[in-house]
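Going by our numbering, the first residue of the sequence shown is number 20, and it counts up by one from there.
By construction, the Cβ of each residue, glycine as well, lies at the ideal position given by its N, Cα and C atoms.
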Amino acid sequence: MKFWNLNLLSYLPTFSSFLIGLFTGFVVALLLYILVSIKNFNKRSKIHKSKYEITDEEINQLIKDTQEEFKSNMDEKKDEFMMILYQSVRKLIYETSHKFYPDSPFPYLEITLDESLTFMKYLQQRIDELFENKMVRMFKKMTLRRIFTLKQKLVDKKYIDKYKKTNKAISFVTGALNLINPFHWAKKLFFNRFYKSIFEKIGCAILVIVGEEVYKVYSKTIFTSEQDLEDYLKELQEEVKRQEKEEKK
């Protein structure tokens, strides 16, 4: 019995060294595995730029063409602002991505999930900044239904109701005369144009933002735009001032 105990005790240092060596080897192997995994992950997640070089001028022209098409569609269906804007944004994203990946059946999917999330984040931030401007802030809290009915309330009721209140005694006669009164129809035409101009400028500004951010995410470079959003906001302010002057007439 003592013999076996003595033998075990003599082998104990050797056994301990074996366990320490085994544990150390396991730790080293684990660290090597982690390093190799990280290296392979970095290779897979490395940003791959398109082999096609697209200039700022090409994208600027694409944005302008999309804006012109948007305005043309607004002329035909000015009560469908949200749908027309959505279709224009979708088309702009597709055509921009197609320029960078013309051989892909789904060019808009040629970006990583991380890039997609970054794109949506910056897009939301820039559109929020646009709607923080005092000229368009009122539209930010409006429901879509209220936006759709804005034109009807603004154009069809504003001047007609105002005119009736100040001319009750002869409302019937003047109502009939308004049918042939060019000044009356000029007011209605002005507010039709005012409504159309306001939403056109908001839509065009959003298309500029979308075009810039889409170009950045697909080209992995900074984009130099030919259009300044401040110009759209100044034009909106001028439209409102013209509308206020018209009200005072």
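Contact check, residue i vs residue j, beta carbons under 8 Å
i             : j                 : result
leucine 81    : glycine 222       : no
isoleucine 78 : tyrosine 234      : yes
tyrosine 141  : glutamate 232     : yes
leucine 226   : glutamine 106     : no
tyrosine 237  : phenylalanine 119 : yes
Neighbourhood of residue i by C-beta, 6 Å cutoff - its chain only, sequence neighbours within 5 removed
i             : result
isoleucine 39 : none
glutamate 134 : Val236
lysine 90     : Glu219
Own chain, CB closer than 7 Å to residue i, minus 5 neighbours either side, in chain order
i             : result
asparagine 92 : Ile103
lysine 110    : Thr85
serine 123    : Glu129
lysine 96     : Ile103
tyrosine 127  : Ile112, Tyr113, Ser116
tyrosine 182  : Confidence at tyrosine 182 is low in this model, with a pLDDT of 46, below 50, so its placement is unreliable and the value that follows should be read with caution. Correct list: empty, nothing qualifies.
Reference residue i; option with closest CA among the options
i            : options                      : result
glutamate 72 : His117, Val108, Leu49, Glu88 : His117
lysine 83    : Lys96, Val108, Leu136, Ala48 : Val108
leucine 149  : Pro121, Asp98, Phe89, Ala224 : Ala224
threonine 74 : Ala48, Tyr127, Thr115        : Thr115
serine 273   : Leu136, Leu132, Leu54, Asp94 : Coverage of the chain is limited to positions 20 through 268, which leaves residue 273 absent and any answer about it impossible.
Contact test: residue i Cβ vs the ligand ZN heavy atom, cutoff 7 Å
i             : result
glutamine 106 : Questions concerning the ligand ZN fall outside what the structure shown contains, since it holds no ligand whatsoever.
8 Å contact criterion, which residue i and residue j should meet: CB distance rounded
i                 : j                 : result
isoleucine 228    : isoleucine 146    : 6 Å
phenylalanine 100 : phenylalanine 218 : 5 Å
Other residues of its chain near residue i: CB distance less than 8 Å, five sequence neighbours each side excluded
i           : result
tyrosine 52 : none
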